[in-house]
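Enquirer: The number in the numbering used here is simply the position in the sequence shown, starting from 1, with 545 added.
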Amino acid sequence: MKIKKVEVCGFKSFVDRTVVHIDHDVSAIVGPNGCGKSNIVDAIRWAMGEQSARHLRGKAMEDVIFNGSETRGPHSFAEVTLVFDNTAGLGPPEYRDYAEIAVTRRLDRSGHSEYLINKTVVRLKDVTQLFLGTGVGTKAYSIIEQGRIGWIVSAKPTDRRHLIEEAAGITKFKAKKKAAERKMDQTRQNLLRVSDIIGEIEKNLSTLKRQAQKAERYKRYRTEIRDLELLVASHRWMELTVTRRVLENEMDRVDAQVEGSRFALRLREAELGADRLGVQQHEDIVERAQRHAYEQDNSVRVLEGKIEQHLSRLEGLRESERMAERELGALVGQRTSLAAEHEMLAAALVDLEEAEQRESEVLQKENAELDRRRGAAEEASKAVEQARARVAEAQQRIARAEAVLQSYERRQGEGRIRLERMRAEREEHEAKAVELKQEGEALAARLHGLRTGKEQTAERREELQQELDALREQIRVSDQLLETLRGQLAEKRSRLRSLEEIQQRFEGVGKGVRALMREYAPDFQSRADKGVLGLVADRIECPAELTEALAAALGERLQHVVVKDRASAEQALAFLEAGERGRATLVTQNPRRVVRSAAALPDDASVIGWLGDLVGCDAADRPLVRHLLGDVLVVRDAEGARRLHDRGVAAAIVSAGGQVVAMDGSLTGGRGEGVGSHMIAVKREIRELHGVVSELDGRLHTAVAEHGVLRNGIAERRAQLDSARTQAHDAEIAIVKADKDLRRAEESLASANERAERLGREADELHAQLEAASDEERAAKEEIDAARGSEREAHQSLSAGLEIYEGKRAAVDEQSQVVTGVKVRAAEAKQRAESDRGALERLERSIEELSERETRLRGDMESSARQQGETAALAFLAREELNVSIDTAMKAHEHLGEARARYDEAKHELGERESALVEIRRRIEVGAKQLTQLTLQERELAMGLEHLLESIEERHRVDLPKVIGDYHFRELPDAQVKERIGELIRLVERMGEINLTAIEEYDEKSKRYEYLTSQRLDLETALGQLDKAIRQMNRESKRMFRETFDEVNSRFQLVFPKLFGGGKASLKLTDPTDMLETGVEILAQPPGKRLGSIELMSGGEKALTAVSLIFSIFQYKPSPFCLLDEVDAPLDEANIGRFAEAIRSMTKHSQFIVITHSKTTMQMADVLYGVTMETPGISKLVAVEIRGNQAKTVDGGQTVAVA
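(1) If Leu-848 sits next to Leu-1427, beta carbons under 8 Å apart, how far is it from one beta carbon to the other, in whole angstroms?
(2) Taking DSSP as the reference, what is the three-state secondary structure of Tyr-1065?
(3) I'd like to check one pair, Gly-1157 with Gly-1175: are the Cβ atoms closer than 7 Å?
(4) Which residues in the same chain have their Cβ closer than 6 Å to the Cβ of Asp-1275, if we skip the five residues on either side of it in sequence?
(5) Return the CA-CA distance between Ala-1264 and Gln-596, expressed in angstroms with no decimal places.
(6) What residue range does the alpha helix (DSSP H) around Lys-1507 cover?
(7) Have a look at Asn-749 and Tyr-763 and give me their C-alpha separation to the nearest angstrom.
(8) With 16 other CB atoms within 10 Å as the buried threshold, where does Asp-1083 fall?
(9) Check this for me: beta carbons of Leu-1245 and Leu-1159, under 7 Å apart or not?
(10) Where do the ends of the alpha helix (DSSP H) carrying Gly-1472 lie?
(11) When you compare the CB positions of Pro-1147 and Val-1194, do they come within less than 7 Å of one another, or not?
(12) Which of the three DSSP states, helix, strand or coil, is assigned to Thr-1002?
(13) Pull up the CB-CB distance for Ile-1259 and Ile-1020, whole angstroms please, since I reckon it's below 8 Å.
(14) Can the beta-carbon of Leu-1419 be found closer than 7 Å to that of Val-824?
(15) Who pairs with Lys-557 in a beta bridge, going by DSSP?
(16) With H, G and I counted as helix, E and B as strand and the rest as coil, what does DSSP make of Lys-604?
(17) What is the DSSP secondary structure of Ser-1200, reduced to helix, strand or coil?
(18) Classify Arg-650: buried if its beta carbon has 16 or more other beta carbons within 10 angstroms, exposed otherwise.
(19) Does the count of Cβ pairs from the region 895-908 and the region 1366-1383 closer than 8 Å reach three?
(20) How is Leu-677 classed by DSSP in three states: helix, strand or coil?
(21) Is Ser-1071 helix, strand or coil when you go by DSSP?
(22) Per the DSSP calculation, Glu-1626 is bridged to which residue(s)?
(23) Tell me whether the region 625-642 and the region 546-566 touch, counting them as touching only if at least three CB pairs, one residue from each stretch, are closer than 8 Å.
(24) Going by C-alpha to C-alpha distance, which of Ser-558, Lys-557, Val-1716, Ser-572 sits closest to Lys-550?
(25) Kindly indicate the opening and closing residues of the alpha helix (DSSP H) around Gly-1055.
(26) Distance, Cα to Cα, Met-1406 vs Glu-866?
(27) For Gln-835 and Ser-844, what's the separation of their Cα atoms in angstroms?
(28) Which value, in whole angstroms, describes the spacing of the CA atoms of Ala-1610 and Lys-701?
(29) When the Cα of Gln-1560 is compared with those of Leu-737, Arg-590, Phe-676, which residue comes out closest?
(30) Tell me whether Pro-1518 sits in a helix, a strand or coil according to DSSP, three-state version.
(31) Are Ala-724 and Met-1585 close, meaning C-beta to C-beta below 7 Å?
(32) Thinking just about the alpha-carbon of each residue, which of Gly-960, Glu-726, Leu-1131, Glu-986 is nearest to the one in Asp-1309?
(33) From Ile-1577 to Ala-1567, what distance separates their C-alpha atoms?
(34) Expressed to the nearest angstrom, what Euclidean distance is found between the alpha-carbon atoms of Tyr-640 and Val-609?
(35) For Arg-1006 and Ala-1269, which I take to be in contact (beta-carbon distance under 8 Å), what is that distance rounded to the nearest angstrom?
(36) With Ala-925 and Ile-1349 assumed to form a contact (beta carbons below 8 Å), what rounded beta-carbon distance in angstroms separates them?
Written out as structure tokens, the structure is:
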């Protein structure tokens, strides 16, 4: 995939969209320094996925975006597109059908970056994988700049091997290996976590199983408790409901009586309404008269208060007038005194202002003289400072020279000490290198042994894992079988227990029969001993298809009790009659009348047979069965029964479906009351279930034994597998540690060798520095002598200048004292004048304030005289109003007495009428109390019902009235029910704490255990596959690296002499035993020189050696293109010529883009791209095509000769 063109927009100095068509074998990019040539290389590297801003000559990735210039603003984004030619279909498989492959990278200033391949957004990983193994990439040998040439020569051998790896195409293997190793680490961590979780689950699983079984028993007990408590609650609810209805009827009767008394009371109260209204009217009159008398009394008190207020105010006004007259006299005296003081201060102020003016004129004259003397002193001071500066300069020269001299002496001493130390340290590192080399060889041997052991352990783990997988599959099938058998057995046992309990409770039979069977009943033997053999239904065995026929034929006779003889029957009847326990019909086992079956069956297709012959029974019960069923004919359907009856068959005929045609022709049939058929079916099902349970129990025991064998096998294999895992883990740790120790030893060896070489170079440099320091020491001593002469001359000038300066300074001090005295006198005069001015202003303000106060007092005195006249008039008017109010108050009190007498009379009459109502109210109170007691009783019953309902709701989450129909017809004795409830509660209490969630938890944990076990198996399988893949990649990488190294080395031995014009060179592996980690050393001997270290070569020789290695790699595995950025800069013209020839010889397979300043390289190129900066900060590209000695601009410009 050769580059077809490069499109750049907004990248560094290429602000405008620029397209570089690279369709020649050799393209040269030229231009002055700083014009942006290398930005094209940076653009190509950046588009191929470079992530380091430093490698792109920036600090942050945003630096690649054009940041603006003097004439252009910043660009918002940078975009570079590389278009590769894929017409030969040599690209990756997914792009082989494309003639071109365009790789685009875009970055905006927000930091958003995206990659595109053929305008489809992809990941950075996709772009990187596009170039893996092709020799093209940001770190591959296809892009070589001047700095990378130096890196190839000076790099560590382990770093230099990257070039061989890229040429071998194993970089993609390394990327896959790193991804696989990361995945292995993650898988190991996941496996460790899953194993820990499985261990925890295994610890809890058995406990949960026991808890779940316990919870199942608990739920069964709670279900029975619920059933019995609901039975008791139903009877209690019915009892409370009946009692409540009786109370409600009594409450209605009492309430009617109370309502009658209340009606009579309302009539009497209505009659008293008018009387109460009259009393109220009299009461209102009394209240109005009383209010009027109070108002008149209050008016008298108010007027008396007003008169007293007027008199008090009049006396206050007179006193205020007298005080104002005294204050006015005092104010007049103060104003006269202040006026005299003001005249005295004004005269004194005039004298002070004249003295202040005189002192100011004297101060101005003395200040002028002081300024003149200060100027002369400053001139003398400047001369002194100049002399001091010359002295200081000379002293500094002496100090600097002495410091330099001391530094040279110190450096010589330190240098000699350091030189001795370097020699000793170099010898120490050389000895250490020998020890490290031996240690590395031992560690490599140990690492090889550990890896061999690890591979053997991995094979054993695979075998154990396969065996464990087979056992797990077997136990999974066994678990399913066990679960099925346990479920079936539990279902059948539960059904059997339920049917046996139904049979033992004798549900559906009459009260007397039930009482008789329970009395004689715990088991069959006890009943037989007492002469009671059981029910008729219990003595007959009937096929399933004849159940309905038998039930229809016998009907209620199925509930008859079978006894041995008549005496047993009489004893049983006596038992029933004694306790009023109900009624029952008893039949003896050998009845006197036995009906024999007919000798021959009627000839009809629907006839099945005589029912007595079709059912089974014990031999002792056969007479009873013939007695009951001997004359009953069974037919297939009702139509056949009617047909046979019409033919005159003298027998009761019953169909298989249960319809009966009696001998008298009556028909019996229908559905819904199948108590007899139910009893027969229950008995038959119990018998069948016993056989099924026995069979399932045997199968379950066999399956459990087989399951245990499989469990033991799994435990054994798992223990072996865990041991193998532990061994593998320990081996892995040991390998990692040994590998780390080996690498550390190799690094230490390289570091020791490098340090020894560096110490040798530093010792040579230090020796040369010590020789050069002697000449510098002599020059420093000469400088000290010259500086000391200059110092003496400067001291003489300084002494003369100081004498002149001291005289001038004394004159300045003398004049300063004169000026200070004048300033003091002037300040005192100014201060006194300012003080008098302030006092004068304060006197003027005081006089003004006294005048204002005098004016206000005179106005207050006039106002007081007016108020005294007004107050005296108001007091006279109040006395007149007081006399009138006293007369009105006396009349109001007389009217109040008359109203009170009439009110007392009306109130007495009302009291007599109201006492007649007391008896009525007493009767109402008695009825209300009785009604309250009944209500309380009803509420107690209601609360009892509510408490009962809430208790049942709280305990069983059941609405009791909705289920009463299911329980109230059952007539079990309360004592037996409560005894059973107590027994169940004790069983529950003895069970202790119950984890009701254990059933769900056990099911969930079991499923999770199975899931995690399969996950652990998957993880272990994945680890094995990853390890196998890594080993395969390692083997392939070793082979490819070895082959590539040999090929490149052989070509390097040929290319080096061609480029140098002689000499020899080769490549060497630092550790041939480890092809995955070995470094690559360069051994070079230029013509005319001895074989030595590359570090001792000149810059040109180093560059040409690196170029030889790159070209050797290109000859072995040509990269589609190669970028050379000023690689020929260190080379002379002769070497550049050979360099150019080598490039031209490789253009058959590779495309070369060369950035250069060399004319020879330019002449070799097919096209020149000139980069200029006509506008500062903005690069522009011009393409020139070269044909022979002619050059033509690609855009059709004129052709010029090429020198």
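Positions of the beta carbon are idealized from the N, C-alpha and C atoms, including for glycine.
Expert: Put simply:
(1) 4 Å
(2) coil
(3) yes
(4) none
(5) 49 Å
(6) 1505-1508
(7) 21 Å
(8) buried
(9) no
(10) 1463-1501
(11) yes
(12) helix
(13) 6 Å
(14) no
(15) Partner(s): none; Lys-557 has no beta bridge.
(16) coil
(17) strand
(18) buried
(19) yes
(20) coil
(21) Note on Ser-1071: pLDDT 47, under 50, position unreliable in the model; the coordinate value appears next. In this structure, Ser-1071 counts as helix in the three-state DSSP scheme.
(22) Lys-1613
(23) yes
(24) Ser-572
(25) Per DSSP, Gly-1055 belongs to no alpha helix (DSSP H) and is neither H nor E.
(26) 6 Å
(27) 14 Å
(28) 18 Å
(29) Leu-737
(30) Low confidence applies here, because Pro-1518 scores a pLDDT of 48, under 50, leaving its location unreliable; read the following figure in that light. Note: Pro-1518 maps to coil in three-state DSSP.
(31) no
(32) Gly-960
(33) The amino acid occupying residue 1577 in the given sequence is Gln; Ile does not appear at that position. So the two alpha carbons sit approximately 15 Å from each other.
(34) 29 Å
(35) 4 Å
(36) 5 Å
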